[in-house]
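Trainee: Numbering (our numbering), first residue to last: 82 to 339.
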């Protein structure tokens, strides 16, 4: 991923952008989102981790994040080979734009792994958001490599924050989600749709969900299923096609019910 100098200005109205999966990078979309137009930024950026040394971090995502005995083949994605300082600088750029686009009280919900957890919580606050806490996705036993003499990396983390004081809500979510990802998955770092459906309950009726790293579209599918407005982007042609197909299927299902 590259941070390009841009003259792009925020749009005056988000309506023409809604319910579309744009094939642009995250920062390009974030820069054009209107001020105070989004209720939830729900996303899963490249972690740029997967190893303690440069040689390990520089491997393709399908090599870093997939068990060696997995036979499925997944399309790789860009932006996962930065060192920690570059990754933090890049995250600060898109998080700052996200904060500008978030309504007062709107939420950020962002997945991350243990290696980048501390950095992300720092950058979220540097971008002007109020850190609210960390939830856990427990992948459940058997879904990660065992670790001789230590602990299996069985969890990923969900950093959440708000733009200023939180809005009142009657929604209560757990702090740990023991959710087994259904197979076969369609993205190398896919997240469970059941978990995504819980998260979008935080959005008020008619609200807008934004995913800047849509991947195979799970978070946007959950938003669409819930009858919410949504906007997202994905640079990979392969994953853009997968996500678009999944989103269209939600629309077709709704039409069948009607």
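C-beta: ideal position from N, C-alpha, C; glycine also. Quick caveat: nothing in here was measured; it's all calculated off a predicted structure.
Identify the continuous beta strand (DSSP E) that holds residue 213 and give its terminal residues.
Mentor: Your numbering for residue 213 matches position 132 in the chain shown. It spans 211-219 - the beta strand (DSSP E) in which residue 213 sits, taken as one unbroken run.
Trainee: Which runs of the beta strand (DSSP E) fall wholly inside the region 251-283 and span at least 3 residues, in chain order?
Mentor: 257-259
Trainee: Label residue 231 either buried or exposed according to how many other C-beta atoms from any shown protein chain fall within 10 Å of its C-beta, with 16 as the threshold for buried.
Mentor: For the purposes of this step, residue 231 is taken as residue 150 along the chain shown, with counting starting at 1. Label assigned to residue 231: exposed.
Trainee: List the endpoints of the continuous beta strand (DSSP E) containing residue 192.
Mentor: By 1-based counting over the chain shown, the position of residue 192 is 111. Segment 183-193, the beta strand (DSSP E) holding residue 192.
Trainee: Counting along the chain, where does the beta strand (DSSP E) carrying residue 99 start and finish?
Mentor: The residue you call residue 99 lines up with position 18 of the chain shown. No beta strand (DSSP E) contains residue 99, which DSSP labels as neither H nor E.
Trainee: Comparing alpha-carbon positions, which option in 311, 330, 331 and 332 lies nearest residue 103?
Mentor: Numbered from its first residue, the chain shown carries residue 103 at position 22. It is 311.
Trainee: With a 10 Å radius around its C-beta and 16 neighbouring C-beta atoms as the bar for buried, classify residue 252 as buried or exposed.
Mentor: For this step, residue 252 is matched to residue 171 along the chain shown. Exposed, because fewer than 16 other Cβ atoms sit within 10 Å of the Cβ of residue 252.
Trainee: Go to residue 201, then tell me how far its beta strand (DSSP E) extends in each direction, as first and last residue.
Mentor: Taking the chain shown and counting its residues from 1, the one referred to as residue 201 is at position 120. No beta strand (DSSP E) holds residue 201; the alpha helix (DSSP H) holding it covers 198-207.
Trainee: Throw me the rounded Cβ distance for the residue 119 and residue 220 pair, which I believe falls under 8 Å.
Mentor: Start at 1 with the first residue of the chain shown, and residue 119 comes out as number 38. Start at 1 with the first residue of the chain shown, and residue 220 comes out as number 139. Actually they do not touch by this definition, with Cβ atoms about 29 Å apart.
Trainee: Report yes or no: do the region 288-303 and the region 166-184 share at least 3 C-beta pairs separated by less than 8 Å?
Mentor: yes
Trainee: So the candidates are 92, 326 and 179; which of them puts its Cα closest to the Cα of residue 111?
Mentor: As a first step, residue 111 must be located in the chain shown, where it is residue number 30. Among 92, 326 and 179, the Cα nearest to that of residue 111 is on 179.
Trainee: Please classify residue 299 as buried or exposed, where buried requires at least 16 neighbouring CB atoms within 10 angstroms.
Mentor: The sequence position of residue 299 within the chain shown is 218, counting from 1. When all chains shown are included, residue 299 counts as buried.
Trainee: Mapping DSSP to helix, strand and coil, what is residue 326?
Mentor: Sequence index remark: in the chain shown, residue 326 carries index 245 (1-based). Helix at residue 326.
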